[in-house]
Amino acid sequence: GAVVSQHPSRVICKSGTSVKIECRSLDFQATTMFWYRQFPKQSLMLMATSNEGSKATYEQGVEKDKFLINHASLTLSTLTVTSAHPEDSSFYICSARRYGNTIYFGEGSWLTVV
Amino acid sequence: GESVGLHLPTLSVQEGDNSIINCAYSNSASDYFIWYKQESGKGPQFIIDIRSNMDKRQGQRVTVLLNKTVKHLSLQIAATQPGDSAVYFCAETASGNTGKLIFGQGTTLQVKP
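Put into structure tokens, the structure is as follows:
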């Protein structure tokens, strides 16, 4: 069964609004979670590293004010897309790092901005 | 810079045949490699991993081979089944053991019945 859960799996929002995506590790504590973005027929692009209790580390070119990441507990990280625009429509995937280097991915969240 | 690439974008095999998916990486300092399977509209699914102190690791119907000399990684799937049809990504850990993964382009595996 899934060890990392994402919610919602699909969301449609209006342009200019904000939308939050949750990532939960179900049976382990994850001090580190990662957020990826994936366009159709392309690979996963790392957006940021979410660290429990501290600020997220963003990859170059990713707007931290647009993609707000909060890792308030050892089992939950959230990604908020603020003032969403149609170009933000994408597949967003999180992963959580278990003990050692084992990393598990969520099922992804489809965001459509209309 | 660091990069992981795949040799073939699409691989088509007959059901029952063995599949080999290849991957080249450029960072000789990477010490952990993972193969993921991604079905359409879903998140990546862990298949198998290997650490740099190993050359080969076997799972159920899958084998990963690591050749550090030429920085090459491969995934072998035995007796390929229609359910194996998906995109396969190799990934390596970025240097510094941060847990960040660098993904290759992906290879689409098509299994013909």
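Protein chains in written order, with the numbering used here: chain A, 130 to 243; chain B, -13 to 99. Quick reminder that beta carbons are idealized off the backbone N, C-alpha and C, glycines included. Predicted model only: the values in this text are computed from it and were never measured.
Apart from the five residues just before and just after residue i, which ones in its own chain have a Cβ nearer than 6 Å to its Cβ?
| i | result |
| --- | --- |
| S179 (chain A) | M162, A185, I198, H200 and S206 |
| T94 (chain B) | T(-4) and V73 |
| T66 (chain B) | V(-1), D3, S5 and V97 |
| I20 (chain B) | D35 and A77 |
Thinking C-alpha only, which one of the options is nearest residue i?
| i | options | result |
| --- | --- | --- |
| Q31 (chain B) | B:Q96, B:T55, B:I88 and B:C76 | B:C76 |
| S138 (chain A) | A:Q158, A:V242, A:V243 and A:G237 | A:G237 |
| D194 (chain A) | A:L203, A:W239, A:M176 and A:S134 | A:M176 |
| Y187 (chain A) | A:L203, A:W164, A:F157 and A:H136 | A:W164 |
| N53 (chain B) | B:S5, B:G69 and B:S16 | B:S16 |
| V191 (chain A) | A:V148, A:Q135, A:K149 and A:R166 | A:R166 |
| G85 (chain B) | B:Y18, B:L51, B:D70 and B:S12 | B:Y18 |
Can you tell me the Cα-Cα spacing of residue i and residue j, whole angstroms?
| i | j | result |
| --- | --- | --- |
| K143 (chain A) | S(-2) (chain B) | 40 Å |
| T146 (chain A) | V243 (chain A) | 10 Å |
| F234 (chain A) | C9 (chain B) | 21 Å |
| L155 (chain A) | K42 (chain B) | 31 Å |
| G2 (chain B) | Q46 (chain B) | 15 Å |
| S224 (chain A) | I232 (chain A) | 6 Å |
| M174 (chain A) | K98 (chain B) | 30 Å |
| K28 (chain B) | Q62 (chain B) | 22 Å |
| H214 (chain A) | S38 (chain B) | 42 Å |
| S172 (chain A) | P68 (chain B) | 22 Å |
| Q24 (chain B) | G182 (chain A) | 31 Å |
| E(-12) (chain B) | I7 (chain B) | The predicted position of E(-12) (chain B) is uncertain, since its pLDDT is 42 and thus under 50; a value taken from the coordinates is nonetheless stated next. Those two C-alpha atoms are separated by around 20 Å. |
| S219 (chain A) | Q158 (chain A) | 27 Å |
| H58 (chain B) | I88 (chain B) | 15 Å |
What is the DSSP secondary structure of residue i, reduced to helix, strand or coil?
| i | result |
| --- | --- |
| E216 (chain A) | helix |
| D35 (chain B) | strand |
| L(-8) (chain B) | The predicted position of L(-8) (chain B) is uncertain, since its pLDDT is 45 and thus under 50; no value can be drawn from it. |
With a CB to CB cut of under 7 Å and the five nearest residues on each side skipped, what residues in its chain are close to residue i?
| i | result |
| --- | --- |
| D217 (chain A) | V210, L240 and V242 |
Report all residues from its chain with a CB closer than 8 Å to the CB of residue i; omit the five preceding and five following residues, and keep chain order.
| i | result |
| --- | --- |
| F196 (chain A) | W164, M176, A177, Y187, L208, T209, V210 and T211 |
Query raised in the report: Which residues, taken in chain order from the region 170 to 195 of chain A, show a beta carbon closer than 7 Å to some beta carbon of chain B?
Result: Going along the region 170 to 195 of chain A in chain order, one finds S172, L173, L175 and T178 with a Cβ nearer than 7 Å to chain B.
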